[in-house]
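Trainee:
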Amino acid sequence: MGQVLRAIVEPGFFASGLVQRAALIGALVAVVAACVGVFTVLRGQSFAGEALGDIGAAGGSSAYLAGVAPLWGFVAIAVAAAGAIELIGVRHARAAFRDLATGIVLGFGFGLAALFLYLGTIEQSTSGEPVTILFGDVFLLDSSLLPLVAGFGAVALALVLVLYRPLLLASVSGELAAARGLPVRALGALYLLALALAVALAAVTIGAILSTALLVGPAATALQLTRRPSHAIAAAAALGVAAVWLGILAAWDSYYWPPLHHGWPVSFFVVTFVLIGYIGARLWSRRSGGG
């Protein structure tokens with residue numbers, strides 16, 4: 014076993030403080046993304062998650078210009094965008110109208126992101142911060158972010174936990190939830206708040222552009238394996254943590270790969286493992302007759 018580990022894990026991996034911090038923050042984010050992501054898939058709002066992640070680039074870049082941690086910008090713009098989506102699409106329950114509202118907000122958010130990234134590039138042309146905002150680098154996260162990640166993650170998890178049963182019913186059948194007297198609009202708004210926080214945390218980990226992969230991928234994979242939401246949440250959390258940890262390991266090892274020895278981005282490996290997991294789950298589901 015020791016020889017196998019030495020063949021897979023390059024020297025200094027487990028002892029590195031960068032790796033330990035990245036693994037802890039990445040695991041926390043993966044668990045939050047999994048819990049919220051299962052409801053995102055059940056509600057058919059993956060596009061909203063994608064939009065909030067892409068819009069997050071505007072928040073991260075504006076925070077960079079202001080000289081504060083990008084996480085604050087990711088959270089602020091994601092929450093504001095979620096509110097705008099809810100406000101524009103609040104009169105309509107149909108998915109087409111929700112997607113229309115999401116697309117309008119997404120277009121404006123991309124415009125802001127382009128402006129802020131442009132200004133950031135002009136101000137500090139030698140900085141790699143714009144690339145980090147878009148594609149992330151969990152190795153660069155400061156230890157001071159850990160309390161913030163834990164705090165925002167706790168809020169998102171608390172929302173899901175408190176709203177679990179009514180939100181599940183509203184996600185499966187909004188008409189039935191309304192017939193039972195549940196506040197469907199309020200549930201949708203609170204869910205969007207949890208979604209915004211989850212997307213912001215994923216963005217600071219693997220980048221704004223790729224954040225949806227961690228939100229939707231493990232959740233969609235888990236729902237291929239089980240239809241029970243509670244089991245799907247647990248499976249999605251395990252899959253998400255595994256993808257992040259394997260991505261960190263592969264990125265660390267890639268510094269030893271010839272010919273360049275420069276290392277590959279963690280985010281690339283994370284989304285690759287997420288995709289492999291989803292494809293494997295789909296094949297297993299078809300083979301077992303699950304559709």
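Residues in the sequence shown are numbered consecutively from 14, following this note's numbering.
We put the beta carbon where it would ideally sit given N, CA and C, even for glycine.
From a predicted model like this one, the values you see are computed outputs, not experimental measurements.
Whole angstroms is fine: what's the gap from Ala46's alpha carbon to Leu153's?
Mentor: Answer to the nearest angstrom: the Cα atoms are 20 Å apart.
Trainee: When you compare only the Cα positions, how much space is there between Pro278 and Arg240?
Mentor: Per the coordinates, the alpha-carbon of Pro278 lies some 33 Å from the alpha-carbon of Arg240.
Trainee: Around the Cβ of Pro24, are there at least 16 other Cβ atoms within 10 angstroms (buried) or fewer (exposed)?
Mentor: exposed
Trainee: For Val217 versus Leu41, is the C-beta spacing smaller than 8 Å?
Mentor: no
Trainee: Pick helix, strand or coil for Thr10, following the three-state DSSP scheme.
Mentor: The chain is shown from 14 up to 304; residue 10 falls before or after that span and cannot be answered.
Trainee: Identify every run of the alpha helix (DSSP H) within the segment 214-296, keeping only runs that are complete inside it and at least 4 residues long; order them along the chain.
Mentor: 224-238, 242-267
Trainee: Could I get the ranges of all uninterrupted alpha helix (DSSP H) runs contained in the segment 58-93, with 4 residues as the minimum, in chain order?
Mentor: 59-79
Trainee: So is Pro143 buried or exposed if we call it buried at 16+ other beta carbons inside 10 Å?
Mentor: buried
Trainee: Per DSSP, what kind of secondary structure is Val32 in: helix, strand or coil?
Mentor: helix
Trainee: Determine, using beta carbons only, whether Gly66 and Ala215 come nearer to each other than 8 Å.
Mentor: yes
Trainee: Can you confirm whether the segment 173-184 touches the segment 61-80 when touching is taken to mean that 3 or more C-beta pairs between the two stretches lie within less than 8 Å?
Mentor: Fewer than three Cβ pairs drawn from the segment 61-80 and the segment 173-184 lie within less than 8 Å of each other, which leaves the two stretches out of contact.
Trainee: Pick out whichever of Asp266, Pro196, Phe148, Phe129 has its Cα sitting closest to the Cα of Thr225.
Mentor: Phe148
Trainee: What is the C-beta distance between Ala256 and Val287, in whole angstroms, given that I count them as a contact (C-beta under 8 Å)?
Mentor: 5 Å
Trainee: Is it buried or exposed for Leu296, if we count other Cβ within 10 angstroms and need 16 for buried?
Mentor: exposed
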